[in-house]
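With the UniProt record's numbering, letter number 174 in the sequence shown gets 174, and the count goes up by one each step, no holes.
Notes follow once the structure below has been shown.
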Amino acid sequence: MKAGFTDFGFESAVQAQQVFGGHGYIREWGMEQYVRDARIAQIYEGTNGVQAMDLVGRKLSLAGGAVAEGFFDLVSSDLEGHGAPVADRTREALQLLREATAALRGADTDELGAAAVDYLRLFALVSMGWMWTRMAAVAKDDTPLHAAKRAVADFFARRMLPQAQGLAASLSAGAQPMMRLPADAF
1 MKAGFTDFGF ESAVQAQQVF GGHGYIREWG MEQYVRDARI AQIYEGTNGV QAMDLVGRKL
61 SLAGGAVAEG FFDLVSSDLE GHGAPVADRT REALQLLREA TAALRGADTD ELGAAAVDYL
121 RLFALVSMGW MWTRMAAVAK DDTPLHAAKR AVADFFARRM LPQAQGLAAS LSAGAQPMMR
181 LPADAF
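Structure follows, in structure tokens:
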């Protein structure tokens with residue numbers, strides 16, 4: 001989750017900087033500092049690429065894959081009975097994550113390396129969708145805070161979780177497109 005949060009945070013800071021156009025790079029506005037601060041967070045405690053490699057290379061195989069499957073089962077169980085868009089789309093993304101996980105079991109180093117970053121992002125999206133489902137489920141009051149929780153959960157469902165389909169497509173492409181270029185390509 002550290003990697004997911006810092007990746008999303010950096011993307012948000014860059015998008016905020018774009019609002020300023022060329023002025024986003026000028027120190028007086030302060031956005032360039034936010035972008036730098038958000039970028040370094042992706043490096044603290046091990047770079048996100050290293051975290052992604054650790055996820056696919058070591059974490060998925062813990063206890064013969066039982067740790068990951070236990071997590072998936074917990075998420076699936078928690079999503080049962082929730083009909084909000086965030087729950088529905090998280091269920092769809094979870095299925096894609098399960099399929100990607102099955103495809104990575106026993107994969108060679110090239111396949112794991114090619115999949116690592118996209119797999120981590122898919123894992124993060126599912127985890128965040130799960131949490132937004134839980135928050136939306138208890139945000140029943142007509143208070144501004146609860147209305148905001150429901151609105152952000154809906155935003156996450158409609159604008160963030162659809163990334164899962166693209167990530168699944170990238171993952172299914174395997175390592176070949178990026179790691180096995182023809183010898184005469186250069």
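The C-beta atom is built at its ideal place from N, Cα and C for all residues, glycine as well.
Please read these numbers as outputs of a predicted model, since none were measured by experiment.
Flag I40 as yes when its Cβ comes closer than 7 Å to any non-hydrogen atom of the ligand SAH, and as no otherwise.
Judged by which ligands are present, the structure shown has none, so any question about the ligand SAH falls away.
Would you identify the three-state DSSP class for K140, choosing helix, strand or coil?
Mapped onto the sequence shown, residue 140 falls at position 140. Of the three classes helix, strand and coil, the one that applies to K140 here is coil, per DSSP.
Cβ-based burial, T47 [other Cβ within 10 Å; buried from 16]
For this step, residue 47 is matched to residue 47 along the sequence shown. Looking at its Cβ environment, which holds fewer than 16 other Cβ atoms inside 10 Å, T47 is exposed.
To the nearest angstrom, how far is the alpha carbon of K59 from that of A175?
If you number the sequence shown from 1, residue 59 lands on position 59. If you number the sequence shown from 1, residue 175 lands on position 175. Going from the Cα of K59 to the Cα of A175 covers about 20 Å.
How long is the line joining the alpha carbons of Q51 and R98, rounded to whole angstroms?
Within the sequence shown, the letter at position 51 stands for residue 51. Within the sequence shown, the letter at position 98 stands for residue 98. If you take the alpha carbons of Q51 and R98, they lie about 19 Å apart.
Residue span of the alpha helix (DSSP H) that contains F156, given as start and end:
Here the question's residue 156 lines up with position 156 in the sequence shown. Where F156 is concerned, there is no enclosing alpha helix (DSSP H), given that its DSSP letter is neither H nor E.
My guess is that G129 and F156 are in contact by the Cβ rule of under 8 Å, so how many angstroms apart are they, rounded?
As a working note, residue 129 is residue 129 in the sequence shown. As a working note, residue 156 is residue 156 in the sequence shown. The Cβ separation is near 7 Å, so the contact holds.
A84 versus E69: straight-line alpha-carbon distance, rounded
Looking up residue 84 in the sequence shown gives position 84. Looking up residue 69 in the sequence shown gives position 69. So the alpha carbons of these two residues sit roughly 24 Å apart.
So the alpha helix (DSSP H) A84 belongs to, where does it begin and stop?
Start at 1 with the first residue of the sequence shown, and residue 84 comes out as number 84. Here A84 belongs to no alpha helix (DSSP H), and DSSP marks it neither H nor E.
Just reading off the alpha helix (DSSP H) that S170 is part of, what are its end residues?
Within the sequence shown, the letter at position 170 stands for residue 170. Taken as a continuous stretch (DSSP letters only), the alpha helix (DSSP H) holding S170 covers Q163 to A173.
Limits of the unbroken alpha helix (DSSP H) element including G49:
Along the sequence shown, one-based indexing puts residue 49 at 49. N48 to D54 is the span of the alpha helix (DSSP H), which, as asked, contains G49.
What did DSSP end up calling R105 once you bin it into helix, strand or coil?
If you number the sequence shown from 1, residue 105 lands on position 105. Three-state DSSP puts R105 in coil, outside helix and strand.
Beta carbon of L122 nearer than 8 Å to that of A168
As a position in the sequence shown, residue 122 is number 122, starting the count at 1. As a position in the sequence shown, residue 168 is number 168, starting the count at 1. Yes, the pair counts as a contact, with Cβ atoms nearer than the cut-off.
Using the C-alpha atoms, what's the distance from L62 back to Q15?
Position 15 of the sequence shown, counted from the first residue, corresponds to residue 15. Position 62 of the sequence shown, counted from the first residue, corresponds to residue 62. Distance between the alpha carbons of Q15 and L62 is about 37 Å.
Between E111, L125, Q42 and D7, which has its C-alpha nearest Q95's C-alpha?
As a working note, residue 95 is residue 95 in the sequence shown. Per the Cα distances, L125.
Option nearest A153 by Cα separation, candidates D88, L104 and G166
Numbered from its first residue, the sequence shown carries residue 153 at position 153. When only C-alpha atoms are compared, the closest one is D88.
Given a threshold of 16 other Cβ atoms within 10 Å of its Cβ, counted over all protein chains shown, does Q42 qualify as buried or as exposed?
Walking along the sequence shown from the start, residue 42 turns up at place 42. The residue in question, Q42, is buried, as its Cβ has 16 or more Cβ neighbours within 10 Å.
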